[in-house]
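Student: Read left to right, the sequence shown gives residues 1 to 215 (the working numbering).
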Amino acid sequence: MNAQELLEKYAAGDLDFSRLSLPGIVLQTVDLSEVNLFESDLTLANLEQTNLEGAELNLANLSWAKLKQTNLCRANLNGASLHRAFLVGADLSEAYLIDADLSEANLEEAILQGAFLTSANLTNANLSRANLSKASLTGVSLNHANLVGADLTETDLTRANLTCADLTDADLTGANLTGAKLNWANLSNAKFVGVNLTGVYFSAAGGIEDSILIG
């Protein structure tokens, strides 16, 4: 199926495009809200600035996909592969990304407010200046992740692995870091006001002396 056929079917009211092979498809700046792309192959797809609000993308393959400024609010991306996906400025507010693979993804300035990322893989991901406020990051892997200037206020980072992550200038006010690993992390100028640090591992973490550690 090509892009034109898909858009025509969608316009006719067909929302089910599950388990399709659509590598490299270009669906840029179109409205595909509530579309069902469950387990579809969207490798290298161009979905920039597309409206995918409430879309079913669970178990879909979006590796290397272009998703700059894409609207993915409340989308279901559980178990999806977003390895090296380009998500700069994307809106993932309240999206479901449980067990998703976001390793090496570029999420610079992305909005993940209230998103569900339990056990997601964000190893080597770029989350600089991303908004993760009130997101659920329980058990997430953020090894070597770039979280410079990220908003992590009231975020649940219980048992999160932040080994070697860069949290320079990050705001973790009111966050829950119970049992989290911050070994070798860069905490320069990070704000830890009102943070739950029960059982946190700080071995060889740098910049603690420059952080605001209150409560």
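Glycine residues also receive a C-beta, built at the ideal position from the N, C-alpha and C atoms.
Once the 5 residues before and after leucine 67 are set aside, which same chain residues still bring their CB inside 7 Å of it?
Tutor: Cβ within range, chain order: Leu47, Glu48, Ala85, Phe86, Leu87, Ala90.
Student: Taking only beta-carbon positions, decide if asparagine 46 is within less than 8 Å of chain B.
Tutor: The structure shown has no chain B; it contains just one protein chain.
Student: With glutamine 4 as the anchor, note down where its alpha helix (DSSP H) starts and where it stops.
Tutor: Its alpha helix (DSSP H) spans residues 3-11.
Student: Tell me which residues share the same chain as alanine 130 and place their Cβ nearer than 8 Å to its Cβ, disregarding the 5 neighbours each side in the sequence.
Tutor: Excluding positions up to five away in sequence, the list reads Leu107, Glu108, Glu109, Ala110, Ile111, Leu112, Leu147, Ala150, Asp151.
Student: What does isoleucine 222 pair with, by DSSP beta-bridge criteria?
Tutor: Outside the displayed range of the chain (1 to 215) lies residue 222, so it cannot be described from this structure.
Student: For serine 33, which option in Ile25, Ser133, Ser21, Leu15 has the closest C-alpha, if you only look at C-alpha atoms?
Tutor: Checking every option, the nearest Cα to that of serine 33 belongs to Leu15.
Student: Can you have a look at glutamate 104 and say buried or exposed, based on whether 16 or more other CB atoms are within 10 angstroms of its CB?
Tutor: That one is buried.
Student: Roughly how many angstroms separate the alpha carbons of leucine 42 and leucine 97, rounded to a whole number?
Tutor: Whole-angstrom Cα-Cα distance: 16 Å.
Student: Is the beta carbon of leucine 102 closer than 8 Å to that of leucine 82?
Tutor: Yes, Cβ-Cβ distance for leucine 82 and leucine 102 is below 8 Å.
Student: Where does glutamate 34 fall in DSSP's three states?
Tutor: Looking at glutamate 34 - three-state DSSP - the assignment turns out to be coil, as it is neither helix nor strand.
Student: How about aspartate 166 and asparagine 143: are their beta carbons less than 8 Å apart?
Tutor: No, Cβ-Cβ distance for aspartate 166 and asparagine 143 is not below 8 Å.
Student: What does the Cβ neighbour count give for alanine 12, buried or exposed, with the cut at 16 atoms within 10 Å?
Tutor: Alanine 12 is exposed by the Cβ-count criterion.
Student: Rounded to the nearest angstrom, what separates lysine 134 and proline 23 at their Cα positions?
Tutor: C-alpha separation (whole angstroms): 34 Å.
Student: What do you reckon, are the CB atoms on serine 141 and asparagine 126 nearer than 8 Å?
Tutor: Not a contact, by the Cβ cut-off of 8 Å.
Student: Is serine 21 buried or exposed, if buried means 16 or more other CB atoms sit within 10 Å of its CB?
Tutor: By the neighbour-count rule (16 or more Cβ atoms within 10 Å), serine 21 is not buried but exposed.
Student: Can you have a look at glycine 194 and say buried or exposed, based on whether 16 or more other CB atoms are within 10 angstroms of its CB?
Tutor: When all chains shown are included, glycine 194 counts as exposed.
Student: Taking 7 Å as the limit between beta carbons, can you name the residues of its chain near leucine 59, skipping five residues before and five after?
Tutor: Cβ within range, chain order: Phe38, Glu39, Gly79, Ala80.
Student: Are the Cβ atoms of asparagine 189 and threonine 163 separated by less than 8 Å?
Tutor: No, these two residues do not count as a Cβ contact at 8 Å.
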